[in-house]
Structures are given as structure tokens and as C-alpha cells.
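These protein sequence lines map, in sequence, to chains A, B and C.
Throughout, this note's numbering is defined as the position within the first sequence, counted from one, plus 4.
Throughout, this note's numbering is defined as the position within the second sequence, counted from one, plus 102.
Throughout, this note's numbering is defined as the position within the third sequence, counted from one, plus 1.
Glycine included, each C-beta is placed from N, C-alpha and C at the ideal position.
None of the values given here were measured: they were computed from a predicted structure.
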Amino acid sequence: MKPPPFTYHAPRDVGAALRTLAQVRGKVLAGGQSLIPLMNMRLAAPEHLVDINRIGSLSAVDASPAGVRVGALVRHSDAEHAGAHPLLTRALRLVAHPVIRNRGTVVGSLVHADPAAELPAVLAVLDGTVRVARWDGRAVERDVPAREFFTGPLESAVQPGELAVSAYFPALGPRTGTAFEEVARRHGDYALAGVCAVVTLDDDARVTAARVACVGVGPVPVVVDVTAACEGADGADTDSAGTGGERADRGWADAARAVQEETEPESDVHASAAYRRHLVGVLAERALRNAAREGTAARGA
Amino acid sequence: MTTRLFGEPVQRREDPRLLTGQGRYLDDLGRDALAAAFVRSPHAHARIRDIDVTPALDVPGLMAIYTWEDLPERVGRALPLLIPHPALTHGRTAYPLARDVVRHVGEPVVMVVASDRYAAEDACALIEVGYEQLKPVVGLEEAVQGAALVHEDVPGNVGAHLVQEVAAADGRGAGEAIETAPHTLAFRLDIERSASTPLEGRGVYARWDGRDLRVYSSTQTSTSVRMAVAATLGLPLPQVEVIAPDVGGGFGVKIVHPWPEEILVPWAAMTLGREVKWTEDRREHFISSAHERAQIQHVRVGFDDDGRVLGLDVTIRHDHGAYTPYGIIVPIVTSTQLLGPYKIGAYRVEFTSLYTNTVQVTPYRGAGRPQAVFCMERTMDKIARHLGKDRTEVRAVNFIGPDEFPYDQRMTFQDGRPLIYDSGNYPEMLRMVKELIGWDEHERRPGRGIGLGCYVEGTGVGPYEGGHVQITSDGRVHVSTGLTSQGQGHETVFAQIAATELGVPIERVSVVTGDTRRFGYAVGTFASRAAVMSGNAIALACRKVREKALRIAADALEADPADLAIDDGMVHVAGAPSASIPLSTVAVLANPLRYAFDDEAAKATQFSGTASPDRPPVAEGEEPGLEGRDYYSPIRSTFASGMHAAVVETDPDTAEITVVRYVVVHDCGRLVNPMIVEGQIHGGVAQGIGGALYERMVYDSHGQLANASFMDFLMPYATEIPHVETAHLETPSPLNPLGIKGAGEAGVIPVSAVVASALEDAEGFEIDRMPISPSELFELRERHASLE
Amino acid sequence: MEHEITLVVNGATRRVEVPARRLLSDCLRHDLGLTGTHVGCEHGVCGCCTVLLDGRPVRSCLTFAVTVDGQEITTVEGLAREGATREGGGSERPSRIHEAEAMDTALSPVQRAFAECHGLQCGFCTPGFLCTVTAFLRENPAPSDDEIVEGIAGNLCRCTGYQNIVKAVHRAAELLAEER
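Structure follows, in C-alpha cells:
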């Protein structure tokens with residue numbers, strides 16, 4: 005298990021990286037935590053590798069009230085410690101293990117576009133974007149919205165010759181809570197299924213917007229807007245008597261069913277499609293309830 | 103007292119080097135050696151049409167490419183069948199490189215030698231092998247059908263078939279005993295494949311100097327590799343040495359030998375006149391070493407109103423993979439160890455060992471026992487369920503009593519000797535395990551279950567091991583034994599034994615294992631035998647040396663040997679510590695010298711006046727030096743035992759399974775080092791939990807191993823293993839001088855049975871298949887819900 | 002094509018020529034002769050090859066040596082020295098029976114704790130655990146059981162069942178606290 009030979013490029017700035025990519029159509033090396041295993045197994049054999057690890061300008065996390073922009077060299081652990089976005093932080097803790105997160109990058113996970121990975125779902129549920137650059141006599145950038153970015157399992161909208169330079173995660177609105185629920189075989193493994201949810205409530209704790217993105221149950225993150233289905237549900241703790249009661253329970257269950265219907269899970273060595281479909285319903289309900297609960301708390305705060 | 107070390111939790115003497123990166127594992131050696139890599143079959147079953155190596159010839163650093171046709175006659179022969187058995191009528195082994203048919207994905211076809219592993223893999227990628235695909239046989243069901251054959255000349259894919267029967271006291275056979283019993287049950291059980299997967303794979307490194315061959319191998323048996331290599335390469339045995347360096351785990355897979363690479367790497371080193379090394383990578387380990395466990399068991403049992411088993415009939419289909427180099431040890435162990443701590447009225451067991459186009463099956467820690475215990479303990483739980491009795495009660499009525507030892511199970515064990523249990527105390531052990539887990543106080547509720555499992559393990563199988571002990575004139579004690587170490591702490595426990603026997607500080611004792619330069623006669627490390635076999639052999643060798651030391655010291659001190667004792671490395675007259683002589687001086691006196699190499703040595707020279715001029719310096723029947731060698735060869739195995747219990751919780755929605763408590767009561771006779779024994783148990787339990795809840799080898803219908811990586815073969819991390827609580831019972835073995843029994847495999851043996859028992863309790867339906875994942879538990883729930 | 006790179010390994014500057022594809026694990030082991038870093042899977046799952054890169058644990062099998070040109074690496078061979086320098090005054094610790102010679106002098110607190118608690122058997126995974134735990138305890142000097150389990154959850158061990166490794170991490174935290 006040794007990687008095949010390649011020609012190595014180590015540009016010092018984005019312009020140089022883009023020029024190299026334009027010339028050689030190489031593969032980009034950032035954290036390498038997904039690419040290098042594939043190369044070691046000789047399942048990937050890029051002729052050119054463009055190592056962006058020396059481009060300091062790509063290491064920035066820029067947070068503003070509107071959202072957070074994460075550069076292509078920001079490691080999972082750096083983004084996690086920056087804590088610039090609550091849902092991103094929450095999801096990062098579910099990515100593999102701390103040692104992998106010390107090297108792996110947020111943008112790299114997005115570009116790798118594994119349908120079982122957490123970060124694509126976060127970008128998708130938030131309607132974030134990925135900024136992609138290429139060289140055309142000068143650096144030309146475009147922002148690709150999440151719904152167009154993930155094009156298939158392990159396929160993203162990044163074209164040959166392009167470099168994903170950053171990702172943008174819009175901030176959460178007021179009275180909004182999030183949750184990420186997943187089941188993995190071992191702690192740190194890719195999830196068998198997972199759901200991240202964003203729920204916004206009004207002043208009476210009624211759901212005004214609810215969106216989920218599911219992992220592991222389709223070729224790309226499956227985003228479902230369940231605002232309509234959540235009608236009747238609220239952010240009060242429905243386990244305790246009083247506020248929502250049965251009507252609320254029905255709302256969350258309807259929403260979970262709506263999510264299930266949008267998914268197309270497949271069977272693999274770890275779980276059957278039927279189990280994954282069941283699981284995504286369970287997790288959607290949990291995630292929505294937890295997000296609503298958090299949103300309620302945020303409302304109070 | 104400094105020298106009573108037997109039984110103490112002595113810190114390991116291996117650790118300082120292993121903690122500082124100074125260990126020497128196989129791939130740490132031979133920095134300048136050429137690297138070997140292999141082209142392995144991508145097909146489960148195929149005929150090799152042609153091999154074109156020309157595209158690889160320009161790879162920089164390429165040294166050689168070998169196919170089967172390039173091998174000399176004796177090197178190219180089929181590998182040995184290590185343990186023949188009359189029932190193994192159709193034993194088959196592989197060729198070192200595939201000859202014309204490949205029978206599993208991963209079988210080696212071409213060997214490449216290059217300047218480094220990168221270059222060797224580059225060349226492998228360019229070699230083109232043309233295959234004509236044949237129909238693969240995957241799984242036991244397909245093997246039984248026999249529509250396709252793994253080996254053309256093995257009808258029905260049946261390698262071995264063996265029936266063993268033990269009649270009841272009244273002479274009735276199992277069939278009759280079951281039919282006439284007040285209650286009967288019949289059911290099927292399934293266990294899937296797992297594997298040893300040590301974190302260091304296999305590896306071989308060979309040096310040839312034109313006359314002598316030195317081979318390093320990450321093996322569990324260096325002496326036997328040596329004999330195999332010498333025989334295959336046609337070298338005189340004294341010209342071949344084999345050394346097992348630090349080995350990064352074995353768990354059974356490294357007892358198999360000679361691996362193709364253990365023949366090919368030394369042969370290539372001789373052929374090329376260069377050092378050659380092969381280090382197995384993880385993918386190779388998954389597809390080209392060995393797996394274990396897979397069996398289907400059909401059980402019929404008859405019992406009385408108390409749950410006493412009157413008759414038991416078990417039919418086992420054992421998946422042997424493509425080859426049978428290790429014979430039928432695994433199904434033999436299953437069929438004999440199935441009886442556990444119980445007296446079974448009449449017993450009939452039949453196994454059929456079947457070939458499939460998958461990786462060969464050879465022992466993995468437990469070696470057939472986890473399957474056996476799964477079968478017997480599932481049976482006990484089903485009897486309890488049928489009768490509405492507590493599961494521990496049913497076990498208790500079937501136990502062999504503490505006063506019934508030695509207890510003859512009237513079968514033949516894996517060592518070819520009678521299956522006679524030497525000692526044990528099963529009722530006391532049950533009491534202890536119930537108390538430890540709180541069996542009687544357990545709060546029963548859905549989603550939370552309790553379970554237990556009992557086992558007896560034959561350990562310390564022969565034929566023999568030996569020990570050599572030498573005390574040198576610096577007072578140091580050098581112990582060697584031929585068997586090998588893979589992390590069991592042998593350097594520590596053998597030093598404890600030697601220090602205790604000789605009365606020397608442990609710091610002065612050093613231990614060498616697995617180096618044929620130091621000790622040439624040995625069997626190997628497997629079957630929980632090292633402490634029993636080499637431990638006793640070393641103790642016996644120490645006693646010889648001690649006797650000689652006392653004799654020489656008695657001469658020097660003008661005392662009676664019977665009045666002498668040894669403490670802290672000093673021989674002294676008991677009760678008169680001033681009349682003493684250090685063992686270092688005794689060692690000097692033991693070796694009459696002509697030449698003094700230092701002041702101390704001068705005491706043993708011919709004019710020193712210490713020796714009597716009337717006797718030959720080395721008396722008849724004596725040898726120079728203070729050293730001794732002895733062997734331990736037991737009449738039969740000694741039987742350790744254990745009982746485990748667990749509390750398991752299941753998520754009502756996600757079907758996730760969590761082991762919340764796990765307790766172990768264990769009896770391996772006298773403990774040499776309780777810290778090390780506990781470590782062995784912990785590791786075994788973790789492997790057992792892996793086998794029960796996480797690990798399996800998933801073959802698709804084409805015979806491709808679909809999860810041949812640590813990404814998808816789910817070896818547990820710390821997050822998957824519960825805290826393990828242990829307690830010990832010490833029932834000494836009467837069979838050996840130290841009273842010890844083996845402990846290496848114990849932890850893993852009953853875990854699947856325990857987890858199944860607890861899960862069944864939590865879920866309310868029967869669990870007859872292991873391992874089990876949340877997905878499978880979900881499907882069982884659905885099936886049972888639809889039946890209701 | 003060979004690339005000349007400079008690595009600061011265990012405090013020493015090492016200049017080495019490597020092809021671009023040389024994994025850091027192979028560079029350390031075969032080019033620099035530091036064989037204490039082990040290779041167990043070469044796909045980033047087992048953690049045997051974990052080393053500290055600028056103080057942070059990373060998988061050396063998932064890192065090309067050329068990528069870390071100019072950076073600092075600590076391997077298991079460097080932990081003892083690192084521990085020894087930090088020890089300074091040297092502290093008393095409970096004496097256990099018959100420790101092997103030299104154990105006290107050269108080992109870091111984490112290494113000592115692994116020996117005391119029998120946190121290793123075959124020792125193959127141990128260097129990866131030691132590097133991971135050394136960094137973990139710097140971030141979290143007084144961890145709970147759950148935090149420890151989570152902290153070592155990226156490293157596989159096939160021998161110990163992790164019981165004594167968890168114990169060793171607690172013990173190491175104690176030893177480090179005594180030294181502060």
C-alpha cells in the first residue's frame with residue numbers, strides 16, 4: 005500500500021496554485037485525509053499533485069454577523085476551536101477522530117463530497133456556498149450554492165483546473181436552534197445515517213421554519229424543508245405535560261415521515277436500506293425536537 | 103523478601119524498550135534489504151492463462167520477477183499440511199505461488215523484488231495476468247450444494263468428515279436419549295467469520311552469506327519455520343537460523359507456517375545474493391493470511407424437567423476456506439470443547455469441513471471454542487426458557503461437581519489425548535459471577551438484559567517445550583526457551599519463575615524467546631500454552647541448575663548441600679548467613695579454567711588450589727559451566743475455566759446495542775503474574791465484543807471480500823469496549839510442577855454467547871446468529887413484530 | 002524526482018532527499034531510521050503511525066514528507082527526552098516492586114504511566130497511543146473517563162482491550178500534575 009508516483013507542486017500563493025492547476029490539471033492536496041488513503045490503495049493515481057499547504061492566505065476563518073467564511077486550509081480542529089458557527093462546530097465533533105481532524109480540512113471534506121459525511125449536510129442545510137477559483141489570465145472566482153455543489157457520490161461541482169478556496173456558512177437567524185443526530189457503527193465512523201436540523205420558532209415557540217439535511221441515505225445530502233409538516237409542533241419540551249402534547253408529537257412524527265419519503269438509502273456491508281430508512285426517520289424526529297428545544301432556549305435568552 | 107516473585111504483579115521487563123521506540127519488529131530490521139511485493143489474484147476462482155511481465159521490466163529499481171514456473175522443484179511444491187488427521191481425507195494446501203488455478207482473492211501469483219516497496223508495487227501494478235474465471239463457491243450453503251467445486255478432485259467440497267459419539271451411562275446413544283427425553287428442542291445457530299488481525303501483519307526478512315541463512319519472521323513458531331525452510335531449500339539444519347523479533351501481536355494467524363513468503367523471501371535472498379524483506383500490508387493481511395469462526399450448527403437436545411441434558415446431537419458445517427494447512431484442529435476443538443463444564447448424558451457430534459473460495463481458515467484466539475461455547479450456552483438458555491427456569495439454575499444442575507475430578511469426557515482432544523479435566527470448581531465460580539454482576543438483584547425491563555456464559559478451555563497442549571538456564575560468572579542468569587512471544591510478557595513471567603526458583607533478583611535475569619540460535623527445540627506459542635509449557639520447563643531447568651550450584655557451593659563452603667539456601671543471589675548456610683558464596687563465584691568454580699580473563703576467573707584456574715588434584719577437573723557425568731536444560735512434556739492438557747456475565751442495553755428506536763457491564767470470573771490455576779493475566783483477559787474480552795457486535799468478513803457472491811480494510815472491518819476502538827471487571831479463582835493444576843493453567847485465549851471464548859444471552863433477555867426473542875449489528879437487530883424486531 | 006527537505010525531528014535538524022510520494026511514516030522509519038513509529042494500516046484508521054507535527058498528533062501514513070518540509074516532528078523516540086527535560090527537579094513517585102533498570106531515568110510521565118499500569122502488550126500500537134496521549138493531556142490535564150476514551154478513540158489496540166490504557170492515561174495525568 006504505497007502511493008503511485010506523481011509530480012509535486014508546492015505553490016506559495018493562490019495565483020500560483022491556479023496557474024499550475026490550469027496547466028497540469030492536477031489534483032489538489034490539502035489535508036489529504038481522504039485522498040492519501042485512496043492513493044495508498046492505488047485507487048487514485050493523480051499525475052500531478054498541487055499542494056496548497058503553503059498558501060497561508062487560505063488558513064483564515066472570517067466570521068461576520070451574516071456568516072462564517074472558512075478558507076481551504078482551515079483544519080477541522082481549527083474550525084472546531086474557532087467555534088464560529090454553532091452547527092458547524094457541532095458537526096465537526098462528529099467528523100472522524102481528533103487526530104484526523106488535526107489534518108483534515110473543512111473545504112476538503114466538502115469537495116470530497118462523501119454522501120455519508122457530516123460537513124456537506126451542514127453546508128446544504130444552511131444553503132451555504134463554496135467559492136471556486138480558476139485561472140483565466142487572472143484569478144476568476146465563482147460562488148457555487150450547496151444545492152449545485154454536490155453532484156453525486158464523491159462528486160462535486162469543482163471542475164478540473166479549479167480550486168475551492170473557501171466555504172461560506174450563513175449564520176443562523178434569531179430564535180433558531182440546530183441539532184445533528186447520527187448513528188455510526190463505531191464512534192467516529194462515517195454515519196449509517198444522520199440528520200442535521202435547523203428549526204426557527206416564533207415568539208410563541210411555534211415552528212416557522214424547519215429544514216433538515218440527511219447523510220448516508222442518498223447520493224448527495226438530502227435536504228428537506230419540513231416547515232409545513234411541523235405545523236403544530238413546537239419547541240416546548242413535549243415530553244412533559246402541558247404545552248404541545250399530542251398535537252406536537254404528531255407534528256414531529258409527520259415531519260420525520262416526510263423526511264423518510266425523500267431519502268433513497270442503499271444497503272451495504274454495515275446496514276440494510278430498510279434499517280437506514282427507519283433510522284433516518286428516528287433521527288429526523290430527534291434532531292427536529294432537539295433543534296426546536298435549542299431554538300426555544302435561544303428565544304428565551 | 104526480594105526473590106519471591108511468583109504470583110506478584112511485577113512490572114514488565116519488555117516495556118522500557120517498547121515505550122521508547124526501541125522495540126525491533128520485523129520491518130524495523132534490514133534497512134538496506136530489497137523489498138518484495140506480490141501480484142495477488144483479483145478473482146476468487148480462476149485458471150491462470152498467461153502472465154506477461156514485460157510491461158514491468160522498465161520500472162526503476164526492479165530486481166526480479168518470479169512466477170511459479172521460475173521456482174525450483176522443491177521450492178515450488180505445495181505447502182505442507184501441518185496437522186494430518188485420518189478424518190481429513192481430502193486435505194489440500196496452496197503452492198507458494200499459484201500454479202495454475204487460484205482459489206481465493208489474494209492468492210499470490212507473482213513475486214516482485216525491487217529496491218524498495220514503492221518500486222515493487224509499481225512493478226506489480228504493471229504485470230498482466232490473464233485469467234479464465236471459474237465459478238466461485240462462496241459461503242457454506244453453496245459449498246454444501248457442491249454444484250461448483252473449489253478443488254476439482256474434492257467431491258462435494260468435503261475436506262473432512264468426523265463423527266464422535268459418547269454414550270450415556272446406560273449405554274444409550276444420543277439419538278435414543280433425545281427421543282425418549284421428557285423435553286426436546288431443535289434449532290440452528292450461525293457464526294460468521296472474523297480474524298486475528300494483529301496490528302503488525304506478517305513479515306519475513308532473510309540474509310544469506312553464501313553458506314548460512316538467517317531468517318527473521320513475525321511468527322509464533324521460529325523453530326518450526328526453521329525446519330520447514332531448511333527442508334524446502336535443501337539446506338542442512340545447522341546452516342539455518344530463524345528468529346522471531348518483537349512481534350506485534352499474533353492471536354493465532356502467525357502459528358500457520360511456512361507461509362508462502364517464508365519460503366519465497368529466503369529463496370529470493372539466496373538466489374539474488376541480497377537481503378530481501380517482505381512486510382505484509384493491511385490489505386494483504388485481510389485477503390491472504392487466514393480467517394476463522396464461520397460455522398453453521400444444527401442442534402438437537404433432550405432434557406428432563408430440571409433441565410438436565412440427557413442427550414445432545416450437534417451437526418456442524420465448518421467453512422474451511424480454500425485450503426487446510428492447519429488440518430481440522432478448529433472443528434475438532436469446537437466439537438470437544440462444546441461440552442464445557444457440563445456432564446452431558448449422551449453426546450453425538452458430527453462435523454463436515456467444507457472448502458469455499460475464500461481465505462483459508464486456521465485458528466484465531468479461541469480456535470473453535472467461541473463457536474462451541476456459543477452452541478452449548480445457547481442450548482442452556484433455550485432449555486431454561488423452555489422450562490421457565492432461571493438460566494443459572496439449568497447450568498448448575500448440569501455442572502461437573504468439584505469432587506468429580508479428574509473428570510473424563512470420554513473423547514479425544516486436539517492433542518490426540520483423552521479429554522480428561524484435571525481440576526476446577528464450577529459451582530463456586532457460578533456463585534462468584536452471579537455475585538459480581540448482581541444476577542439475583544438485576545432489574546428486568548425491556549431494552550435491558552442480563553446474560554452469562556460458561557466455558558472450559560483445554561490449555562497447555564503438548565507435545566513439549568524446553569528451557570535453558572545459564573548463570574554466568576558475572577552472576578547474571580540467562581534463560582532461553584524456544585517458543586515465541588507476541589506481547590504476552592514472557593520475558594517477565596519467565597524471569598519471575600527463574601528468579602523464584604533460583605533465589606536471584608529479577609534484575610539479573612534475562613529471557614530470550616523464539617531465537618533458534620539460543621534454543622532449537624520447541625513447538626510454538628498457541629493454545630494458551632506458553633506459561634504452562636515453557637514456564638514449567640524453565641522451572642525444571644532452574645531446579646537442575648540450582649542443584650548443581652548447591653553441590654559446588656557445598657564443596658566450597660564445606661557444608662552439606664541440604665543445609666544451603668539461595669537468597670538474593672547468595673548461596674549460604676541456612677541460619678548462618680556469613681558462611682556464603684555468591685552465585686557468580688559458583689559459576690566461576692563450575693567452569694575449570696586454564697586461562698584467567700579477569701580476577702574472578704583466576705579462582706577457577708589450575709593453580710588456584712580450589713580443585714582437588716585427585717579428581718578430573720570435570721567429573722564424569724558433569725558438564726562445565728553453571729547451566730541446565732530441561733523439558734516439560736505433559737501427559738495431557740490442563741483445563742482452565744471461566745464464567746462471564748454482562749448487562750446489555752438496546753435502544754428501542756435505533757436498535758443500537760451497548761454493553762453496559764461486563765464481568766469475568768476466571769480460573770487458570772496458580773497465577774504467575776496477576777497483572778499480566780488480567781491484561782490477557784481484557785484483550786480477549788475486547789476481541790470477543792468485536793466478534794459479537796462489530797467484526798465480520800463480508801464476502802459478496804463473487805468471492806470478493808467487501809470490507810478488506812480497517813475502515814469497514816470494524817475492530818473496536820476504546821469507545822466500543824465497556825469497563826471489564828475481573829475476579830480470579832485459583833484451582834491449581836495437579837498435572838504440572840507449578841500448578842498453572844493457560845490464560846491467553848480465555849477472555850474471548852464465551853463473549854458471543856454472553857452477549858446473545860443478554861440481548862435475548864433484553865429483546866424477548868431468541869438470538870441465534872452472531873455477530874449482530876443494529877441493522878440486524880432492527881430486522882429481527884420487525885420479523886418478530888410481524889409474527890405477533 | 003527527489004526533493005530535498007528539512008525536518009526538525011525530536012529537536013534535531015535532519016536534511017533528507019525523498020521522492021514526492023514518500024509517506025512521512027516511511028521517511029521517518031526508513032530514511033531517518035526512526036523505526037519507533039509503526040505502520041499498521043496505511044489508510045489512517047489504526048493510529049499506530051501517529052506522530053506530533055508542530056505539537057499536534059497526526060497520522061504520518063496520511064502525510065507526504067514533502068508537505069511538512071520545515072516543520073517540527075516529535076516521534077516516540079523523542080518523548081522520553083521531552084519528558085526528561087520538562088521533569089527538571091525530578092519527583093518522588095510511589096515505588097513499585099522490581100521495576101526494570103533504567104525505567105525511572107529516561108521515560109516521560111506518559112511512558113511511565115503505561116509501564117506502571119500495564120498499558121501495553123505487544124507494543125506495536127503503543128507509540129501512536131503515547132503521542133496521542135501526550136498531546137491530549139496537554140490540552141486536557143485532568144480528564145474524565147469519558148474524555149479519555151474519546152481522546153484515544155482514534156487508536157486501535159488489539160491486545161489490551163483498552164482497560165489499562167485508560168488507567169494509564171489517568172495515571173499519567175497524576176504524574177504530570179505532581180511535576181507541575
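Considering just the uninterrupted stretch of the beta strand (DSSP E) at lysine 31 of chain A, what are its terminal residues?
31 to 33
Using a threshold of 9 angstroms, state whether the C-beta atoms of leucine 315 of chain B and proline 360 of chain B are closer than that.
no
To the nearest angstrom, how far is it from the Cα of asparagine 809 of chain B to the Cα of proline 41 of chain A?
15 angstroms
Compute the beta-carbon to beta-carbon distance between valine 625 of chain B and glycine 844 of chain B, rounded to the nearest angstrom, for a pair I have assumed lies under 8 angstroms.
Rounded, the Cβ-Cβ distance is 14 angstroms, inconsistent with contact.
What residue ranges within the region 411 to 490 of chain B form continuous alpha helix (DSSP H) runs of no fewer than 4 residues, ordered along the chain?
431 to 439, 471 to 489
So for lysine 379 of chain B, helix, strand or coil by DSSP?
strand
Quick one: what's threonine 195 of chain B bridged to in DSSP?
Looking at the DSSP assignment, threonine 195 of chain B forms no beta bridge with any residue, so it has no partner.
Going by the CB atoms, is the gap between glutamate 593 of chain B and alanine 179 of chain B shorter than 9 angstroms?
Position check: residue 179 of chain B holds arginine in this sequence, whereas alanine was assumed. No; because the gap between Cβ atoms is not below 9 angstroms, this pair is not in contact.
The region 163 to 181 of chain C: positions lying closer than 9 angstroms to chain B by Cβ
Tyr163, Gln164, Asn165, Ile166, Val167
Verify the CB distance criterion: does aspartate 193 of chain A have a CB-CB separation below 9 angstroms to chain B?
yes
Is arginine 313 of chain B close to the ligand ZN? I mean its beta-carbon at under 8 angstroms from any heavy atom of the ligand.
Ligands are entirely absent from the displayed structure, and the ligand ZN is therefore not among its contents.
Kindly list the residues whose CB is nearer than 8 angstroms to the CB of asparagine 156 of chain C, restricted to its own chain and excluding five residues on each side of it in sequence; keep chain order.
Cys47, Gly48, Cys49, Thr51, Cys126, Gly129, Phe130, Thr133
Please classify tyrosine 697 of chain B: is it buried, with 16 or more other beta-carbons within 10 angstroms of its beta-carbon, or exposed?
exposed
Pair every Cβ in the region 169 to 178 of chain C with every Cβ in the region 146 to 153 of chain C, then say whether three or more of these pairs are closer than 8 angstroms.
yes
Is there at least one Cβ from chain A nearer than 9 angstroms to phenylalanine 501 of chain B's Cβ?
no
Chain A contact residues for proline 58 of chain C, given Cβ-Cβ distances below 8 angstroms
Pro102, Val103, Asn106
Under 8 angstroms (Cβ pairs) to chain C, residues found in the region 819 to 838 of chain B
Tyr819, Ala820, Thr821, Ile823, His825, Val826
Interface residues of chain C around valine 767 of chain B at Cβ under 7 angstroms?
Those within 7 angstroms of valine 767 of chain B in chain C number zero; the least Cβ separation is about 16 angstroms.
What residues of chain A sit near glycine 1 of chain C, judged by a beta carbon separation below 9 angstroms?
Missing from the structure shown is residue 1 of chain C; chain C here goes from 2 to 181 and no further.
Quick check on alanine 1 of chain C - is its C-beta less than 9 angstroms from some C-beta in chain A?
With chain C covering only 2 through 181, there is no way to say anything about residue 1 of chain C.
On a CA-only basis, which of B:Gly562, B:Ser324, B:Gly413 is nearest asparagine 500 of chain B? Give me that one, please.
B:Gly413
Residues near glutamine 163 of chain A by beta carbon distance below 7 angstroms, same chain, minus five either side
none
For alanine 53 of chain A, the residue or residues it bridges with in DSSP:
Here residue 53 of chain A is leucine; the residue named in the question, alanine, does not match the sequence. Answer is A:Tyr12, A:Lys31.
Can you pull the chain B residues whose beta carbon is under 7 angstroms from the beta carbon of isoleucine 153 of chain C, in chain order?
Ala820
Using alpha carbons as the reference points, say which of B:Gly790, B:Pro836, B:Gly637, B:Pro839 lies closest to valine 826 of chain B.
B:Gly790
Below 8 angstroms on the Cβ atoms is my guess for threonine 494 of chain B versus glutamate 452 of chain B; work out the distance and round it to an integer in Å.
About 30 angstroms; that fails the 8 angstroms criterion.
Taking histidine 891 of chain B as the query, report the chain C residues whose CB atoms sit under 7 angstroms from its CB, ordered along the chain.
This structure gives no information on residue 891 of chain B, because the portion of chain B shown stretches from 103 to 890.
CA-CA distance, valine 129 of chain A and threonine 122 of chain B?
48 angstroms
For tyrosine 557 of chain B and serine 743 of chain B, I'd like the C-alpha separation in whole angstroms.
6 angstroms
Closer than 9 angstroms to chain B by CB, alanine 262 of chain A
no
Can you list, in chain order, the residues of the region 44 to 68 of chain A whose Cβ is nearer than 8 angstroms to any Cβ on chain C?
Asn44, Met45, Leu53, Asp55, Asn57
Given a threshold of 16 other Cβ atoms within 10 Å of its Cβ, counted over all protein chains shown, does serine 888 of chain B qualify as buried or as exposed?
exposed
Nearest to histidine 52 of chain A by alpha carbon, out of C:Arg60, C:His31, C:Arg22, C:Leu54?
C:Arg22
8 angstroms Cβ cut-off: residues of chain A touching histidine 20 of chain C:
Contrary to the premise, residue 20 of chain C reads as proline rather than histidine in this sequence. Chain A residues near proline 20 of chain C: Pro9.
What residues of chain C sit near glycine 36 of chain A, judged by a beta carbon separation below 8 angstroms?
Leu63, Thr64, Phe65, Thr68
Among B:Val317, B:Ala276, B:Phe628, the one whose alpha carbon lies nearest that of isoleucine 357 of chain B
B:Phe628
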